[in-house]
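In our numbering, the protein residues as written are 3 to 480.
Backbone N, C-alpha and C define an ideal beta-carbon position, used for all residues, glycine too.
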Ligand SMILES: Cc1cc2nc3c(=O)[nH]c(=O)nc-3n(C[C@H](O)[C@H](O)[C@H](O)COP(=O)(O)OP(=O)(O)OC[C@H]3O[C@@H](n4cnc5c(N)ncnc54)[C@H](O)[C@@H]3O)c2cc1C
């Protein structure tokens, strides 16, 4: 791997030794993300102001230094790992947030934490709906780069639906703004949307204007339990057919429920241990909810084997805590997880559930599955023991079968995590050759020397073959 010694020294002279770090601890901390595979960079840049990024990129572009942008490193896809070495730009210190209460907009820097943005908006009566489970850690820059979603997707949409304008730098180091802080903008090509979901490969986002909506006046949480997974899916479809749009509608299959129960030492639904559940939240005006509740209770009576309303916000919170813990808790079932955030169209829900139970049987592996049933984004977790060769082989075969089936059903290989390294073997399962060629042409136009996040997206990498670090991250279950 080239050392880029002299250009790194030049950068240090320009920005100072407090901004450009080359000590072992800083390099180690920036060498991996939540995929836990380490690729050491040669320098870490911690910009004090946005303009520092332009300086670094101009130099990197001239000397062809690979540059990987990093938010909090919570991506599970390896997208923030500097596979080609070079420089890492750590955005965490650029974290200003200001709310415009008249326009209903948030002006944020890319290192702002998503939960902090939500709290700042809420303090002024506004609501920023995108809600990744990692929100206490991840940055808005990372969310924009991955087009992150979360539990609110079905009703409100994902990060893309809340971006009004972006600013930042091209690979050349030139400053650009895509859009203005106005609700309408139709002046030229929409490169803003091209940056959203581009995983740090088309430009560096330094700031954004976000759309806010009024805080819902009332919320209501209902837990429902089903005979089996197919019954749960049938019930969800029946609810959506009535044009009820829950703010959250989370499905947990039997294996996920059992994991959550073990992790929290509680029964998700007393009397219904180990049954699949759908946990839903309605949000809206007081009158709207008053009208909807009887409809939803009648639906639950018809479809669920049991249901329970949360009587207070605190009780609702304990139910949601169970849901949030189930992912980490799966490591009871194996020390390795292929976490696939696939999307299935609603018309294929039942076919997919049948496929999944066949996949569990054929692979002999636990595959706990949970997710956002109002937008089809299900998290399929293929669990295995890394040192067990038969299990590792079965997991690889299972992930391949999963991806091909999802695409054949009209779905997507990722709904919110992106491609990074982990999904690279499946890019061509999702996209025709002409589509990949068009994406490459965009990349070449905006980053002709290929300095931004090289080694991602286009070159297939079997990430599960790499040794994983043994390290505990703050968001890990144990
Ligand atoms: C416990 C847990 C729960 C999660 N839950 C969810 C969930 O519910 N929904 C969901 O969508 N995701 C979820 N994720 C995945 C992850 O949190 C998101 O992908 C998040 O958007 C990453 O943000 P980050 O700040 O950590 O970015 P990083 O992981 O640091 O980077 C992610 C990608 O964004 C790029 N990037 C970061 N900042 C910028 C920038 N300013 N400009 C350009 N590119 C940039 C990086 O280069 C990289 O490609 C979860 C992860 C964990 C560990």
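{"query": "Any 3 or more C-beta pairs closer than 8 Å across the region 37-52 and the region 90-110", "result": "yes"}
{"query": "Where residue 437 falls, given that 16 or more other Cβ within 10 Å makes a residue buried", "result": "exposed"}
{"query": "Residue from 461, 188, 335 with nearest C-alpha to residue 388", "result": "335"}
{"query": "Rounded distance between the beta-carbons of residue 372 and residue 258, thought under 8 Å", "result": "4 Å"}
{"query": "Every unbroken beta strand (DSSP E) inside the region 190-216 [3 residues or more]", "result": "206-213"}
{"query": "Unbroken beta strand (DSSP E) run spanning residue 226, endpoints", "result": "220-227"}
{"query": "Which of helix, strand or coil DSSP assigns to residue 371", "result": "strand"}
{"query": "Residue interval of the alpha helix (DSSP H) (run including residue 359)", "result": "351-365"}
{"query": "Any 3 or more C-beta pairs closer than 8 Å across the region 75-95 and the region 456-474", "result": "yes"}
{"query": "Assigned secondary structure, residue 109 (DSSP; H/G/I helix, E/B strand, else coil)", "result": "strand"}
{"query": "Where residue 73 sits in the DSSP three-state scheme", "result": "coil"}
{"query": "Close beta carbons around residue 324, own chain, < 6 Å, minus the five adjacent residues each side", "result": "262, 266, 270"}
{"query": "Opening and closing residue of the alpha helix (DSSP H) in which residue 158 lies", "result": "155-158"}
{"query": "Cβ separation of residue 56 and residue 175, assumed to be a contact under 8 Å, to the nearest whole Å", "result": "5 Å"}
{"query": "Start-to-end residues for the alpha helix (DSSP H) that takes in residue 434", "result": "Note, residue 434: premise wrong, no alpha helix (DSSP H); not H, not E."}
{"query": "Runs of alpha helix (DSSP H) wholly within the region 21-61 (minimum 4 residues, chain order)", "result": "26-31"}
{"query": "Boundaries of the beta strand (DSSP E) in which residue 253 is found, first to last residue", "result": "250-254"}
{"query": "Residue from 420, 390, 408 with nearest C-alpha to residue 345", "result": "408"}
{"query": "Of the residues 289, 283, 291, 256, the one placed nearest residue 275, counting alpha carbons only", "result": "256"}
{"query": "Sequence-distant residues of the same chain with beta carbon closer than 6 Å to residue 237, five excluded per side", "result": "305"}
{"query": "Cβ neighbours of residue 381 in the same chain (closer than 6 Å, five flanking residues each side left out)", "result": "343, 372, 373"}
{"query": "Neighbourhood of residue 337 by C-beta, 6 Å cutoff - its chain only, sequence neighbours within 5 removed", "result": "387, 388"}
{"query": "Rounded straight-line distance, which links the Cα of residue 277 to that of residue 202", "result": "41 Å"}
{"query": "Inter-stretch contact (C-beta, 8 Å, three-pair minimum) for the region 195-210 and the region 439-452", "result": "yes"}
{"query": "Alpha-carbon spacing of residue 225 relative to residue 247, whole angstroms", "result": "16 Å"}
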